Amino acid sequence: MDPVMFRTALEWSNSVGPSEEELASATSMRSWLNRVMKEACDASAPRVGRRKQKRQTYWWNSTIAEKRGACHRARRTWTRNKGKDSPEIVNENRALHRQTKKELCREIAKAKNAAWRELISTIDADPWGLPYKVVLNRLRRQSPSLTETLDEETVDRLLGSLFPPGGAQDLAPLTEWQEFRCEEDQLVYLSEIQRYMKKRTIANKAPGLDGFKATLWKRVPDCVLANVTACFNLCLNEGILPTKWKRAGLVLIPKEATPDEELPKVRPICLLDEVGKTLERVIACRMEEHMERNPCFGLSVNQFGFRKQRSTCDALNKVKGITLGAVGVGEVALAVSLDIANAFNS
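Per UniProt numbering, the sequence shown starts with residue 1, numbered consecutively.
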């Protein structure tokens, strides 16, 4: 990828700017951002095709290359002059082609045997080297994905158990947003976008359905981030999140399964668009700051999960303190552990 060309393409698109129609709604602004990012990527880097570049065979050497060239030359001489030369010359050319082909096959077999012996000899010296990689790559090619091993009905039931129907979409809106407008201090600022998109994102995370990794957004100039800020403010004023930002690429990571289970145990991972997750980070951080300033709206002191500067160790210390306190005065402490299946999605 050419980073200079990527930045130049974005700056040019931003100089043209979104039209008045595109500035009218959050959905159209999202489409404009997606389009200019796609154009910048096409201008600065080639698209990744399905066909991978061929790698040189592990047993290939210069001698085989010479034998192969001689074999091809002999074949061309034989096939191109069949109707031109006398039968004796044609037979000589055919015999020469057969001889060069035998020599090529003999040299390839010799090289394969030598490469195999060398591969076997490296197992004891480097068990995690080339032999391990060869076996692992072959196993990966032969192992289908989880959904490929299940029938369509099982996949539907599995997804239905992970993402139960109904929920928030069935609820009536709590507030009418048609006349709502954010105050000046409630709008999203460019500095927030710079902080969350360029400093607090993990560069090597898998992208969402738009295909734009966090590394691309880290290289976006501030003039384009200003339009991202405008899109976020439209989302707040309209009270919506563009539908494209709600759609995710679903990856199912298999867990250990027991034989008597009908559905396999999986860990679902949803890959969302990075720019949509940035808006979520802005809103989540503002909610945390509001709860810190207003303790009456804060979270319970006994909640340790998904909170800053708190961990499972703090929860264990709290339980340990309660237990020691009860035992110290001659009482009995009873702990109940609950494991909620599919707690996040249900």
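Every residue, glycine too, gets a C-beta built ideally from N, C-alpha and C. The model shown is predicted, which means the values in this text are computed figures rather than measured ones.
Asked                                                                                                                              : Found
Coarse secondary structure for residue 347, derived from DSSP in three states                                                      : This structure cannot speak to residue 347, because the chain is shown only from 1 to 346.
Cα-Cα separation between V336 and P295, rounded to whole angstroms                                                                 : 28 angstroms
Residue(s) in a DSSP beta bridge with G249                                                                                         : L271
Backbone CA spacing between G208 and R247 [nearest angstrom]                                                                       : 9 angstroms
Residues near S86 in its chain [Cβ-Cβ closer than 8 angstroms; skip 5 each side]                                                   : none
Inter-stretch contact at 8 angstroms, needing at least 3 Cβ pairs: the stretch 297–307 / the stretch 267–277                       : no
P254 - DSSP class collapsed to helix/strand/coil                                                                                   : strand
Coil, strand or helix - L105 by DSSP                                                                                               : The sequence as given places Cys at residue 105; Leu does not occur at that position. C105: helix per DSSP, three-state reduction.
Residue of R76, T278 and L159 minimising C-alpha distance to I202                                                                  : T278
CA nearest to the CA of W40, picked from W128, E92 and M1                                                                          : Note that residue 40 is Ala in the sequence shown, not Trp. Closest by alpha carbon: M1.
Pair within 8 angstroms by beta-carbon distance, L10 and V224                                                                      : yes
Selection from Y132, E289, K101 and C313 that minimises the alpha carbon distance to L119                                          : Y132
Buried versus exposed call for T100 [16 or more other C-beta atoms within 10 Å across all chains shown]                            : buried
Candidates R35, S25, P3 and A24: closest to N14 by CA position                                                                     : R35
Beta-carbon contacts of R281 that lie in its chain and below 6 angstroms, excluding the five residues immediately before and after : Y196
Close Cβ partners of V332 (< 6 angstroms) along its chain, the five nearest in sequence each way excluded                          : none
Status (buried if at least 16 other CB within 10 Å, exposed otherwise) for R80                                                     : exposed
Reduced DSSP category for Y196 - H, G, I as helix; E, B as strand; rest coil                                                       : helix
Three-way DSSP call (helix, strand, coil) for Y58 in this model                                                                    : coil
Option nearest A285 by Cα separation, candidates V327, H97 and Q186                                                                : The question names Ala, but residue 285 is Cys in the sequence shown. Checked all of V327, H97 and Q186; the closest Cα to C285 is Q186.
C182 in three-state terms, based on DSSP                                                                                           : coil
Cα-Cα separation between L190 and A226, rounded to whole angstroms                                                                 : 6 angstroms
Other residues of its chain near V266: CB distance less than 8 angstroms, five sequence neighbours each side excluded              : L146, L158, L162, L252, I253, P254 and K255
Segment contact flag, the stretch 62–78 with the stretch 91–98, C-beta cutoff 8 angstroms, min 3 pairs                             : yes
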